[in-house]
Structure formats: C-alpha cells, structure tokens
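Asker: I have a structure here, written as structure tokens, and I will follow up with some questions on it.
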Amino acid sequence: MFVSGKMKFVRLVLLQRDFQRALDYLGSFGWVEIKRAQKEKVEKFSSIHTIVSEIEDNASYINNFFEIESSKENGELIDINTIDAYFRNLKEIAAPYKEKLDELAKRKKEFDDGLRELEKFKNLPISRNVLESFEHIHFVVGSLPREEMDFLKEKLSNRIISIDLEEDLYIIFTAKKGRWTLESELKKLAFKERAIPGEESAIPKEIIDIYVKEKSIIEAEIEKLNNIKSELYKKSKNSIRKHSASFNLQKIYLDVYENVSHSESVTMIEGWVLKRKLKELVANLNGLFGETYSIAVYSPSELEDVKNGTLKVPVFMENLKFIKPFEGIVFNYGTPLYGTIDPTIFVTFSFLLFFGMMYGDIGQGFVIFLIGLFVRYVIKKKDVGFVLSAVGFTAMIFGYLYGSVFCFEHLSVFRYINKTLFGLDRAYIIDLSPANSLNIFYVTVGFGVIINLLGILINVINSFIKKDMLENFFSPKGVAGFFLLLSVGIIAFNFFVLGKGTGLVVVGLLIFSLILIFLKEPLVNIIGRKKPIFHKGFGMWIFLSIVEIFEVGLSVISNNLSFIRVGAFAFAHAILSFTVIKLATIAGGGSVSSFGGVIVLIVGNAVVIALEGMIVGIQSIRLEYYEFFSKFFSEQGKQFVPFKINKTKLEENS
C-alpha cells in the first residue's frame, strides 16, 4: 500500500504458429505489459498492410451503404484472407444497389431544387414564350424588398405594372420605350434579377405538376431499393459484426507482431508482470504450450537497461478499494518512480480533510454524496463517483461539527444532540465565528506544517531507496529541510499557541539546518570527492548560497501560510450560508418558509453547491499538487499499462 506492486520482467520464446494463441491468452489474462521492441521494416509487412487497407476500404463502404457505425468490438479470430473475401463479396453485392440509390438520390435532389425555385413562380399564369412575344411591352423578373418596391411604384406609378409572385419576388411590366427608365431606377435599388425556370413554352404550374409526378416515381424506386437493402442488412448484420470484430482483433495482433522480435520460426515476447500474478501466468502458459515454449524471469535489478535508465519499470499501485479511486489525483500530476513511496493513501485522507474543512454542510454534502452515487452507478464513472461521494460524506461530517445544514446554522437539534452525546450545551462543536478565526487559522497552518513535513519525509525515504542520499541530505527538501521546518513549526507553536519561548535545542536545530543548506555545495563535493569544490568559484557560491537561504526562508513561510486558505474558505462558506438565509428571508417577506423564501433557498443552495463545490475541489487539489507533491516528485515514472483484449461473444445468423 505504501509502495507500488513488485514487478518481474518476463521473456517468452514460442513458435511462430503459437503467436496468436499466446496473444489471445495474454489479452484475456490482462496482467502483462508487452515491451515494444524496435518496429520491423514496413517492407516486410507490405503485403499484409495491403490486405488490411483493402478490408478497411471495403468495410467502410459497407458501413456507409447500410448507414451503420464502424465496430469497436473485438471478436474471435478469423483468418484475415477470409475477412478480406467476405467484405469484398458483400461489397460486390451491395455496389449495384448503392450506385442506383446514389443516382436516384441525385435526381431527387435536382427535382427538389427545381420545385423550390418553381414554387416562387406558381402564380405566373403565362409561359416565358408568351411574355417574350409582346412587341410593345418589356418585363423584368426579380426580388426587391417591399419598401423599395413601394418606392418604385410611387416614383413610376403611371409607367409600370407589377405582379406579386411571392414575398419580395415580382414581375414588373413597362412599355418598351420606358425600359431604360425602369432599369435605371432598378440599378439604384437592391434589385436582383431572376430567371423563370422550366421550359420556355410551359406555364410554371404545369411544370410543377410534372416535377411532382417524376419525383414520386423516383421516391417509389428509392423505397423499393431501401426495402431490398433492409432485407440484405437483416440477413448480413450479425455476419458483418462478427467479421468486423475479428478484423479489429487482427489489427491488434498485427500491431503487436510488428513491435516484437521474431524470426521465421519463433517469436519473442517481452514484458512486465506483477510478481503476485507470475505464478498464475506460468501455470497457464504451461497448460497452453507445454514444452513448445520457454520463459525467463528477471528482477528489475538484473536488467542492464533498467540500471542505465533506458528502460523504466512500470508502476502499479496496490491500494485498498477505498483508496484506489484517489490514484487518479496522483496520476494526473505524475507517476512515481518504481520502488518509491506511493503517496495515494496520504492524498486520500488529506484531500478529504481539506475538502470537508472548507465545505462543511450536512445538507449540501449529502447532495454531493448523492451526485457521486449517480455518477458511479448510472453514468458508470466509478472512480469519479466514489471520490464525489467520499468528499460529500466528509462535508457532512464537518457540517455536523460546524452545525450547518443547507445554509441553516446552529439549529436547535444540534444543541440537543451535542448535549446528549458530549455534554456540550451549544449547537456546534467547532466555532466558525470571527472571534475564533485565529484558532481556526492556527489549526489549518498546523495541518500545513504536518503535510509539508510528510512530503519532505517521503522525499528523504525516496532518495534513500534511489541511493541518492548525499544530495538530498543537505537539500531544503531533504534531511536539512525537514529539521528546518520541524524547528520552525515548534517555535511557531510555542509562540502563537502556548504563548511562550522555545528552548535553545530547537533554536540550535534551526540554525544548524540553515548552515547545512548554506554549505550544501562544498559538503556534497567534499564527501563525494568531486572537484572543484566550488563549481562557479568561492565568491559566486557565497552569493548563491545567501540567495538560496533567503529563498528557503520565503518558501517555508509561503508554503505553510498557503494552508490558511483552508480556514478562509471555511469562513467564506459560513458567510455565503448566512447570505443565502438572509436573501431567502427577505424574498419570503420575513419568513424562509414562504414560497419566495423556499425558491431563493433552493436556488441559493444550488449555486453554493455548484460554485463553491468546484472552487473548494480546485483548492484541495492545488494544496496537494503545489504544496505536497512538489516536495518529492522530481522524476516521472511510467504507469503500468497491461495488454488487454475484451472480446464480445457474437453470433452469426447467416
């Protein structure tokens, strides 16, 4: 629980013919991370890639034809040539129907476009030929805004006649001799000339009737072909799904095959497995392959690539069920190095503590708890849902300690419970009044000192594990830094809480820690027998060491005072709760229980849950990342990602 799971490196050598069977087992076993070797040359796999590309094209054609999404499932293994032949044959069957449907869809679109245009001219009672045959009359067809048409009629009232074809679409007549006047005026306006669609000798209404009949014939043909397509899909859908799922599996196998070492007759698969799963792995492989394979097992310390740093041992955190969902907070920041301390357990309890202290309310905490259950069991985000429920539960605990429920503070029921259980004649256990603010801040800063000491202690232990104690011994994040912060914490506690001075031993420890940090460079070089003792010269060392001491002093103060925000947000929550109740009282005309008061109370609580819940969550994560993790996260490890294949049981009805 405090360190990652122990890993073993395995090397499997098996016959080429058993490769797919081995991957099939490893995928279902799900506890082996396959090491990727240098990828083989593409030329070696050019023929198989050609087949894969053809299958992808044909499968995409089929999916497009039947209007189905591409499968993400993994099925049972089918020979890749069989899959290729299946999709090729199905494409040959589907192609004539698809081509005909595409052609009909194109024609239908042409008729739809034509009808849309003709509809605008359905009120025109004569054909274009008749209009153009007038010897003494000139006409134009086009669109014009209504107000501009009214202006044109007013200006040329005795010289034009207009017919409204549709909204803002007109046919305007004038005498041949008045043509230039009309066109001159139209140029000044937002007139857009339009052509009359259809045949010149036909009236638009007649063309519309023809188009409607032609379109209905096409739609009948499309419906007939779609029925044939539906029947074909009904017969083929399980088979399509089965072959698609098998093809997905083949692509996984091909990707692994290209990334492992092999010859013409044997394949070598290397990877990492949890030590506690090794016995099961070997037993199952023995059962599958008997004496036709070999397996070699190595500890990480036996591998040269691990020793020289070119190969990282993957990290798998083995935590209790309650703690495991909080691993996401750690992995979002980084992955600890293999063999170092797993901080998840510390993150779990400190994160819950910070959130609960900043967001103490029984009612609102219960709502967050229920949201967590919804996310976990309905949306199926198990880890996120568990974390939400956990922080909601801690908010409920601190809500009881503060005497707060749905923004109501210090209800009489809390006084009764506290008196019965603890003999306290008050409605709260922790006082969030301004008079008690200093005590709250002292407590939160005290938690900060403990968290920072824990972070430095983890760094010291990690440096011991990595055999890098010399540098870390004199570091502000090492042994010297630990005793520096410890002595500062004791001095602050004595002065601010107990109101007394501190003994010479603690003061001496503080001074000695600062001296060690100041002398870090020469001491490390002398003990480590490195030359020169001062890399940038004596004068520069003095200057840089003074700056570092100043920086260390500032960071000690800022890192610990940063935890004041925990108390500050606790008070902010109390103030927000007071504000919500006041607004609800005003809206309810002096009573929270009236309709207006209840509405404001519900909305106010919803806003507090959404807004403050998010802010408090961010602040809790910030304290973990910037104050705690920064003490010991110096190198990034590699997360354990086992090879897994989740197969779907599929049936074929054709």
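Take the sequence shown: its position 239, counted from the start at 1, is 226 in my numbering, and no numbers get skipped.
Glycine residues also receive a C-beta, built at the ideal position from the N, C-alpha and C atoms.
Computed from a predicted structure; not experimentally measured.
1. For the alpha helix (DSSP H) containing Ser500, name the first residue and the last one.
2. Would you report the Cα separation of Phe361 and Phe342, rounded to the nearest angstrom?
3. Measuring straight from C-alpha to C-alpha, what distance separates Lys107 and Leu152?
4. Near Glu135, which residues of its chain fall below 7 Å by C-beta distance, leaving aside the five closest residues on each side in sequence?
5. Between the C-alpha atoms of Arg181 and Ala207, what's the straight-line distance to the nearest angstrom?
6. With a threshold of 8 Å on Cβ separation, who are the neighbours of Ser517 within its own chain once the five nearest residues in sequence on each side are excluded?
7. Could you tell me the alpha carbon to alpha carbon distance between Asn235 and Gln351, rounded to whole angstroms?
8. With distances taken from CA atoms, which of Val447, Leu91, Glu305 is nearest Leu212?
9. At which residues does the alpha helix (DSSP H) containing Phe126 begin and terminate?
10. Comparing alpha-carbon positions, which option in Pro191, Tyr387, Phe620 lies nearest Arg103?
11. Spatial neighbours of Phe460 within its chain, please: CB distance less than 6 Å, with the 5 preceding and 5 following residues excluded, ordered by chain position.
12. Taking the alpha-carbon positions, what's the Ser462 to Asn295 distance?
13. Sorted by chain position, which residues of the same chain lie with C-beta nearer than 7 Å to Ser621's C-beta, five sequence neighbours on each side aside?
14. According to DSSP, simplified to helix, strand and coil, what is Lys662?
15. Could you spell out the range, first to last residue, of the alpha helix (DSSP H) harbouring Trp259?
16. Around the C-beta of Phe(-4), are 16 or more other C-beta atoms found within 10 angstroms, so that it is buried, or is it exposed?
17. As a quick exercise: from Ile452, Phe499, Ser450, Thr297, pick the residue whose alpha carbon is nearest that of Leu472.
18. When the distance is taken between beta carbons, is Phe126 closer than 9 Å to Thr161?
19. Tell me the rounded alpha-carbon separation between Val378 and Arg23.
20. Which whole-angstrom value describes the C-beta separation of Leu2 and Ser286, a residue pair presumed to lie in contact below a C-beta threshold of 8 Å?
21. Do Ile551 and Phe428 have their beta-carbon atoms positioned less than 9 Å apart in this structure?
22. Kindly indicate the opening and closing residues of the alpha helix (DSSP H) around Thr168.
23. On the three-state DSSP scale, how would you describe Phe395?
24. Considering only their Cβ atoms, is the gap separating Gln7 from Tyr240 smaller than 9 Å?
25. Given a cut-off of 9 Å, decide if Ile70 and His230 are closer than it, judged by their beta-carbon atoms.
26. Less than 7 Å between C-beta atoms, sequence neighbours within five positions excluded: which residues of the same chain meet that for Leu339?
27. With a threshold of 7 Å on Cβ separation, who are the neighbours of Gly515 within its own chain once the five nearest residues in sequence on each side are excluded?
28. Are the Cβ atoms of Tyr613 and Ser549 separated by less than 9 Å?
29. Tell me which residues share the same chain as Ser399 and place their Cβ nearer than 8 Å to its Cβ, disregarding the 5 neighbours each side in the sequence.
30. What does the alpha-carbon distance come out to for the pair Ala593 and Ala559?
31. Short of 6 Å in beta carbon distance, which residues of its chain neighbour Lys85, apart from the five on each side in sequence? Order them along the chain.
32. I need the DSSP call for Ser248, collapsed to helix, strand or coil.
33. Just to confirm before moving on: does the CB-CB distance between Lys634 and Glu63 stay below 9 Å?
34. Taking Phe(-4) as part of the beta strand (DSSP E), name the residues at either end of that continuous run.
Answerer: Checking against the coordinates, here is how it stands:
1. Here residue 500 corresponds to residue number 513 of the sequence shown, with the count starting at 1. Residues 491 to 505.
2. Counted from its first residue, the sequence shown places residue 361 at position 374. Counted from its first residue, the sequence shown places residue 342 at position 355. Answer to the nearest angstrom: the Cα atoms are 20 Å apart.
3. Here residue 107 refers to the residue found at position 120 of the sequence shown. Here residue 152 refers to the residue found at position 165 of the sequence shown. Computed Cα separation, rounded: 6 Å.
4. The count along the sequence shown starts at 1 and reaches residue 135 at position 148. So the list reads Leu176, Ala177, once near-sequence residues are dropped.
5. Position 194 of the sequence shown holds residue 181. Position 220 of the sequence shown holds residue 207. Straight-line Cα distance between these residues: approximately 33 Å.
6. Start at 1 with the first residue of the sequence shown, and residue 517 comes out as number 530. The identity of residue 517 in the sequence shown is Lys, whereas the question assumes Ser. Val511, listed in sequence order.
7. Taking the first residue of the sequence shown as 1, we reach residue 235 at position 248. Taking the first residue of the sequence shown as 1, we reach residue 351 at position 364. Across the structure, Asn235 and Gln351 are spaced so that their CA atoms are roughly 46 Å apart.
8. The residue labelled residue 212 in the question sits at position 225 within the sequence shown. For Leu212, the nearest C-alpha among the options comes from Leu91.
9. By one-based count along the sequence shown, residue 126 stands at place 139. Careful: Phe126 lies outside any alpha helix (DSSP H), inside the beta strand (DSSP E) at 124 to 130.
10. Counting from 1 along the sequence shown, the entry for residue 103 is found at position 116. Here the closest residue by C-alpha is Pro191.
11. The sequence position of residue 460 within the sequence shown is 473, counting from 1. Cβ within range, chain order: Val466.
12. Residue 462 sits at position 475 when you count from the first residue of the sequence shown. Residue 295 sits at position 308 when you count from the first residue of the sequence shown. Straight through space, the alpha carbons of Asn295 and Ser462 are spaced by roughly 25 Å.
13. Within the sequence shown, the letter at position 634 stands for residue 621. So no residue of the chain qualifies.
14. Limits of the chain in this structure are -12 at one end and 641 at the other, which puts residue 662 out of reach.
15. As a first step, residue 259 is located in the sequence shown; it is residue number 272 there, counting from the start. Looking at the DSSP string, Trp259 is not in any alpha helix (DSSP H); the run it does join, the beta strand (DSSP E), is 253 to 261.
16. The residue given as residue -4 occupies position 9 in the sequence shown. Its Cβ being crowded by 16 or more others within 10 Å, Phe(-4) is buried.
17. One-based indexing of the sequence shown puts residue 472 at position 485. The option with the nearest alpha carbon to Leu472 is Phe499.
18. Here the question's residue 161 lines up with position 174 in the sequence shown. Here the question's residue 126 lines up with position 139 in the sequence shown. Going by C-beta atoms, Thr161 is nearer than 9 Å to Phe126.
19. Taking the sequence shown and counting its residues from 1, the one referred to as residue 378 is at position 391. Taking the sequence shown and counting its residues from 1, the one referred to as residue 23 is at position 36. Rounded to the nearest angstrom, the two C-alpha atoms are 40 Å apart.
20. Walking along the sequence shown from the start, residue 2 turns up at place 15. Walking along the sequence shown from the start, residue 286 turns up at place 299. Their Cβ separation, rounded to whole angstroms, is 27 Å, which puts Leu2 and Ser286 out of contact at 8 Å.
21. The count along the sequence shown starts at 1 and reaches residue 428 at position 441. The count along the sequence shown starts at 1 and reaches residue 551 at position 564. Against a cut-off of 9 Å, the Cβ pair of Ile551 and Phe428 comes out as a contact.
22. Start at 1 with the first residue of the sequence shown, and residue 168 comes out as number 181. Residues 166 to 175.
23. Residue 395 sits at position 408 when you count from the first residue of the sequence shown. Secondary structure at Phe395: strand, using DSSP grouped into helix, strand and coil.
24. The residue labelled residue 240 in the question sits at position 253 within the sequence shown. The residue labelled residue 7 in the question sits at position 20 within the sequence shown. With respect to Gln7, Tyr240 sits close: the two C-beta atoms are nearer than 9 Å.
25. For the purposes of this step, residue 230 is taken as residue 243 along the sequence shown, with counting starting at 1. For the purposes of this step, residue 70 is taken as residue 83 along the sequence shown, with counting starting at 1. In this structure, Ile70 lies closer than 9 Å to His230 by Cβ.
26. By 1-based counting over the sequence shown, the position of residue 339 is 352. So the list reads Ala377, Val378, Thr381, once near-sequence residues are dropped.
27. By one-based count along the sequence shown, residue 515 stands at place 528. Result list for Gly515: Leu457, in chain order.
28. Mapped onto the sequence shown, residue 613 falls at position 626. Mapped onto the sequence shown, residue 549 falls at position 562. Cβ distance < 9 Å, so Tyr613 and Ser549 count as in contact.
29. Along the sequence shown, one-based indexing puts residue 399 at 412. Hits under 8 Å: Ala414.
30. The residue given as residue 593 occupies position 606 in the sequence shown. The residue given as residue 559 occupies position 572 in the sequence shown. Cα-Cα distance, rounded: 16 Å.
31. For the purposes of this step, residue 85 is taken as the residue at position 98 of the sequence shown. Excluding sequence neighbours, Lys85 sits near Phe52.
32. On the sequence shown, residue 248 is found 261 positions in, with the first residue counted as 1. In the three-state DSSP reduction, Ser248 falls in the strand class (E or B).
33. The count along the sequence shown starts at 1 and reaches residue 634 at position 647. The count along the sequence shown starts at 1 and reaches residue 63 at position 76. Yes.
34. For this step, residue -4 is matched to residue 9 along the sequence shown. Where Phe(-4) is concerned, the enclosing beta strand (DSSP E) stretches over -6 to 2.
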